[in-house]
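Novice: Below is the structure I would like to discuss, written out as structure tokens.
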Amino acid sequence: MRLCAFVIVGVAIVVLLAVALFGSGVSAPKDAAPGADPGRAVPVPAPADVPASAEPAPVVPSAPSPAEPSPTRTAVAARWNPDDPVGVLLTGSVRWNDGRAAAEASVGLRRGKDFRSGSSSKDGSYAVVGLAPGEWSLTVRADGAVDREETVTFDDLAEQRRDLVLDPSFAVKVRIVTADGQDGTRALRVAAPFLGDLYVVGRRERFPERLAPTDYGAVFLGDAKWDRVMNPVDGAAGTLFFAEPPPAHAALLLRHVVVDQQLVQPRQAEVEFVVDPEAVKKLCGRATVRVLDEATGAPLADASVMLGKGGGLGTPVGADGHATIEGLSPGYLRSSITAKDHENFYTTLFVDAGQTLDLGEVRLGASLPLRGVVLDADGKPAAASLSWTELKWHRTSRSFASNRSARTEADGTFSLWGTGRGLIAVRARGQDGKIAMGVFENPPPQPIELRLVPGAECTVSRPPDPTKAYTVTFYDARRRGLTAVTLEPRSPKTTVSLPPGDYTFEVHDERERLVQSGSLQFGPTPCALEIR
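Take 2 as the starting number for the sequence shown in the numbering used here and just add one per residue.
Dropping the structure here:
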């Protein structure tokens with residue numbers, strides 16, 4: 002609309018100028034002799050005060066001025082405005098490699114913690130809003146297609162376009178049955194209800210016999226996409242979509258444990274895995290613990306122990322403070338122990354296949370909330386969300402992951418629940434993305450203060466070995482753990498944001514072995530850490 006308005010105004014100005022210059026025309030003087038050439042100069046009578054004898058100055062015809070080019074107007078593309086909620090608008094089309102429109106394809110873009118997405122319509126067109134200039138990871142998914150992933154970089158134009166092409170995948174049906182032909186998934190759900198379903202992965206190479214442990218319910222590995230049936234019947238468990246035509250390998254996993262794998266031959270339409278529910282049940286782990294009061298050493302008979310991939314009901318301890326948790330799926334598990342009027346025990350533990358993990362004695366002290374205030378750069382109260390890790394419970398090299406959180410009050414104050422005495426690493430994130438971090442002794446002499454600042458970034462990358470997981474722990478100037486991140490095989494790269502400053506770090510593998518250490522400076526220019 003703005004371009005049309007400019008064109009109309011420009012045309013109007015040209016018309017008015019033309020009328021002013023040429024509207025009256027040019028004609029011969031009324032007293033010109035008949036037949037006089039209008040193109041010749043006509044003498045002009047001398048003024049009355051000029052002597053008659055004076056010869057009039059000759060009129061010299063002026064040379065015609067060269068024609069000047071008419072001014073042209075070009076449309077100016079709009080630029081990205083950080084205050085515009087639409088941000089950079091990305092449009093385009095999603096099509097199959099034969100040119101057909103790909104409907105209902107999902108287009109997702111991620112940069113750090115920011116994620117934007119859209120889906121294609123029947124004609125394949127899509128739009129994603131809320132982007133900003135810079136580098137983003139783009140992922141396109143559609144039923145029957147190979148997932149497409151790439152890195153894209155946007156400039157500061159407000160509207161940009163990118164057309165996407167998908168390749169079809171190769172579908173292989175998967176059946177999971179018992180030796181007597183019953184549905185294997187249902188049989189496992191009866192034999193070990195807390196174990197979780199088996200997961201299927203695929204790739205061209207054979208899978209290692211042991212994979213890196215995971216925090217998730219499944220290992221996302223290989224280049225095939227698993228579309229499972231939620232409620233399988235007669236062994237029909239789902240479909241495995243390979244990125245390339247077989248030969249390829251399909252593996253049946255219990256989290257990171259390889260239960261079975263097969264070679265899929267060219268033009269093979271179905272794979273069948275035969276499982277023994279009792280044999281799979283033996284892969285379950287168990288854990289024991291005794292919960293005591295820190296001050297008196299007496300058993301905390303009202304304590305509850307939770308150990309699993311997520312939430313759920315806790316296991317009560319006995320009168321002697323003992324508790325045993327059975328049927329644990331192998332891998333990393335969240336562990337929490339709670340008791341009335343006491344601090345919470347919270348950490349991440351690793352349970353191997355068939356392992357009995359003895360946690361020994363856990364002594365819980367009195368509940369002692371850690372209190373403080375979050376301020377902005379000007380010292381004014383700021384709204385923020387908070388998470389925390391008690392370092393005395395953090396016994397393994399794992400990420401500072403937690404399902405506990407708190408928010409500030411209107412005056413910026415906060416109170417962290419479930420905490421006790423000891424060092425606590427606290428992280429705050431403001432609504433504008435600014436961060437604050439610190440390690441504090443609880444109870445502090447006075448309420449702690451966290452001041453939000455723009456975060457400085459570090460890109461951490463790892464090698465693509467599916468048998469390895471790496472945890473990077475960052476330490477403050479007093480060698481206290483400030484934060485930690487874990488890179489599993491599904492995460493070849495991640496971004497860590499810390500307040501600007503100098504930090505030391507250590508890298509441990511999934512077996513708690515130190516593999517790398519050093520120091521990094523977080524500043525205006527993002528730094529990088531490559532795990533070797």
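Glycine included, C-beta positions come from ideal geometry on N, C-alpha and C.
Inspect the CB distances between the segment 266-286 and the segment 244-257 and report whether three or more fall short of 8 Å.
Specialist: yes
Novice: Can you give me the C-alpha to C-alpha distance between A324 and V363, rounded to a whole angstrom?
Specialist: Walking along the sequence shown from the start, residue 324 turns up at place 323. Walking along the sequence shown from the start, residue 363 turns up at place 362. If you draw a straight line from the Cα of A324 to the Cα of V363, it is about 11 Å long.
Novice: In three-state terms, what does DSSP make of R408?
Specialist: As a first step, residue 408 must be located in the sequence shown, where it is residue number 407. It is a strand residue.
Novice: How far does the beta strand (DSSP E) with V220 in it extend, from its first residue to its last?
Specialist: As a first step, residue 220 must be located in the sequence shown, where it is residue number 219. It is not in any beta strand (DSSP E) - V220 carries neither H nor E in the DSSP assignment.
Novice: In terms of residue numbering, what span does the beta strand (DSSP E) encompassing L365 cover?
Specialist: Numbered from 1 along the sequence shown, position 364 holds the residue referred to as residue 365. Start and end: T357 to L365.
Novice: Where does N443 land, buried or exposed, given buried means 16+ other C-beta within 10 angstroms?
Specialist: Residue 443 sits at position 442 when you count from the first residue of the sequence shown. With 16 or more other Cβ atoms within 10 Å, it is buried.
Novice: Quick one: Cα of A426 to Cα of L387, how far?
Specialist: To locate residue 426, count along the sequence shown from 1; it is residue 425. To locate residue 387, count along the sequence shown from 1; it is residue 386. Between A426 and L387, the C-alpha separation is close to 11 Å.
Novice: Using C-beta distances below 6 Å, list every residue in its chain close to V260, excluding the 5 sequence neighbours before and after it, in chain order.
Specialist: Taking the first residue of the sequence shown as 1, we reach residue 260 at position 259. Here the set comprises L253.
Novice: Could you tell me whether the segment 193-200 touches the segment 455-469, using the rule of 3 or more Cβ pairs below 8 Å?
Specialist: no
Novice: Extract the residue ranges of the alpha helix (DSSP H) inside the segment 129-193, only unbroken runs of 4 or more that lie entirely within it.
Specialist: 185-192
Novice: Counting along the chain, where does the alpha helix (DSSP H) carrying V281 start and finish?
Specialist: Walking along the sequence shown from the start, residue 281 turns up at place 280. That run of the alpha helix (DSSP H) goes P278 to K282.
Novice: So L167 and L132 are supposed to be a Cβ contact under 8 Å. How far apart are they, rounded?
Specialist: Stepping through the sequence shown from its first residue, residue 167 is reached at position 166. Stepping through the sequence shown from its first residue, residue 132 is reached at position 131. Incorrect: roughly 21 Å between the Cβ atoms, too far for contact.
Novice: When you compare the segment 485-492 with the segment 223-235, are there three or more beta-carbon pairs, one atom per stretch, that lie closer than 8 Å?
Specialist: no
Novice: What does DSSP give as the partner residue(s) for K494 in the beta ladder?
Specialist: Residue numbering aside, residue 494 sits at position 493 when the sequence shown is read from its first letter. Per DSSP, S462.
Novice: Smallest Cα separation from Y504: which of R512, V516, T526 and A478?
Specialist: Start at 1 with the first residue of the sequence shown, and residue 504 comes out as number 503. Nearest option by C-alpha distance: A478.
Novice: Counting pairs of beta carbons, one from the segment 519-528 and one from the segment 393-405, are three or more of them closer than 8 Å?
Specialist: no
Novice: Alpha carbons only, please: which of R512, G332, G298 and A367 is nearest the one belonging to K310?
Specialist: Position 309 of the sequence shown, counted from the start, is the residue given in the question as residue 310. The option with the nearest alpha carbon to K310 is G332.
Novice: Buried or exposed: K226, going by 16 or more other Cβ atoms within 10 Å of its Cβ?
Specialist: Residue mapping note: residue 226 aligns to position 225 of the sequence shown, counting from 1. It is buried - the Cβ of K226 has at least 16 other Cβ atoms within 10 Å.
Novice: Using the C-alpha atoms, what's the distance from R96 back to R428?
Specialist: For the purposes of this step, residue 428 is identified with residue 427 of the sequence shown, where counting begins at 1. For the purposes of this step, residue 96 is identified with residue 95 of the sequence shown, where counting begins at 1. In a straight line, the C-alpha of R428 is about 43 Å away from that of R96.
Novice: Which residues mark the beginning and the end of the beta strand (DSSP E) in which V508 is found?
Specialist: Your numbering for residue 508 matches position 507 in the sequence shown. G502 to D510 is the extent of the beta strand (DSSP E) around V508.
Novice: Let me confirm a value: Q432 is counted as buried when at least 16 other C-beta atoms fall within 10 Å, else exposed. Which label applies?
Specialist: In the sequence shown, residue 432 corresponds to position 431, counting from 1. Exposed is the call here.
Novice: Hey, out of L499, T487 and K435, whose CA is closest to E513's CA?
Specialist: Working through the sequence shown from its first residue, we reach residue 513 at position 512. Checked all of L499, T487 and K435; the closest Cα to E513 is T487.
Novice: With DSSP as the reference, identify every bridge partner of M438, one or two as the case may be.
Specialist: In the sequence shown, residue 438 corresponds to position 437, counting from 1. M438 is bridged by DSSP to R428.
Novice: Can you confirm whether the segment 291-298 touches the segment 347-363 when touching is taken to mean that 3 or more C-beta pairs between the two stretches lie within less than 8 Å?
Specialist: yes
Novice: Use the C-beta contact count for K435: other C-beta atoms within 10 angstroms, 16 or more gives buried, fewer gives exposed.
Specialist: The residue labelled residue 435 in the question sits at position 434 within the sequence shown. It counts as buried.
Novice: With the cut-off set at 8 Å, would you say S120 and S138 are in Cβ contact?
Specialist: Locating residue 120 in the sequence shown gives position 119, where the first residue counts as 1. Locating residue 138 in the sequence shown gives position 137, where the first residue counts as 1. No; because the gap between Cβ atoms is not below 8 Å, this pair is not in contact.
Novice: Cα separation between T390 and G421?
Specialist: Sequence index remark: in the sequence shown, residue 390 carries index 389 (1-based). Sequence index remark: in the sequence shown, residue 421 carries index 420 (1-based). In a straight line, the C-alpha of T390 is about 11 Å away from that of G421.
Novice: Quick check: R396 and T472, are their CB atoms within less than 8 Å of each other?
Specialist: Your numbering for residue 396 matches position 395 in the sequence shown. Your numbering for residue 472 matches position 471 in the sequence shown. Going by C-beta atoms, R396 is not nearer than 8 Å to T472.
Novice: Going by beta carbon distance, what residues of the same chain come within less than 7 Å of D32, once the five residues before and after it are set aside?
Specialist: The residue you call residue 32 lines up with position 31 of the sequence shown. For D32, the predicted model reports a pLDDT of 40, less than 50, meaning its position is unreliable; a value from the coordinates is still stated below. Residues of the same chain with their beta carbon placed closer than 7 Å to that of D32 are lacking, with the five preceding and five following residues left out of the count.
Novice: In the structure shown, what three-state DSSP assignment does G26 receive?
Specialist: In the sequence shown, the residue the question calls residue 26 occupies position 25. For G26, the predicted model reports a pLDDT of 40, less than 50, meaning its position is unreliable and no value from the coordinates is stated.
Novice: Would you check if the distance between the CB atom of L499 and the CB atom of E507 is smaller than 8 Å?
Specialist: Position 498 of the sequence shown holds residue 499. Position 506 of the sequence shown holds residue 507. Going by C-beta atoms, L499 is not nearer than 8 Å to E507.
Novice: With 16 as the cutoff for other CB atoms within 10 Å, does G419 come out buried or exposed?
Specialist: The count along the sequence shown starts at 1 and reaches residue 419 at position 418. Its Cβ being crowded by 16 or more others within 10 Å, G419 is buried.
Novice: Looking at the unbroken beta strand (DSSP E) that takes in I449, where does it start and where does it end?
Specialist: Locating residue 449 in the sequence shown gives position 448, where the first residue counts as 1. It spans I449 to R452 - the beta strand (DSSP E) in which I449 sits, taken as one unbroken run.
Novice: Within this structure, are the beta carbons of T409 and A437 separated by less than 8 Å?
Specialist: Within the sequence shown, residue 409 is the residue found at index 408, counting from 1. Within the sequence shown, residue 437 is the residue found at index 436, counting from 1. It is not a contact, given that the beta carbons lie outside the stated cut-off.
Novice: Taking 8 Å as the cut-off, decide whether the C-beta atoms of G413 and V375 are in contact.
Specialist: Counting from one through the sequence shown, the residue named residue 413 turns up at place 412. Counting from one through the sequence shown, the residue named residue 375 turns up at place 374. A contact, by the Cβ cut-off of 8 Å.
Novice: Out of P448, G203 and D379, which one is the CA nearest neighbour of L417?
Specialist: In the sequence shown, counting from the first residue as 1, residue 417 sits at position 416. Cα-wise, what sits closest to L417 is P448.
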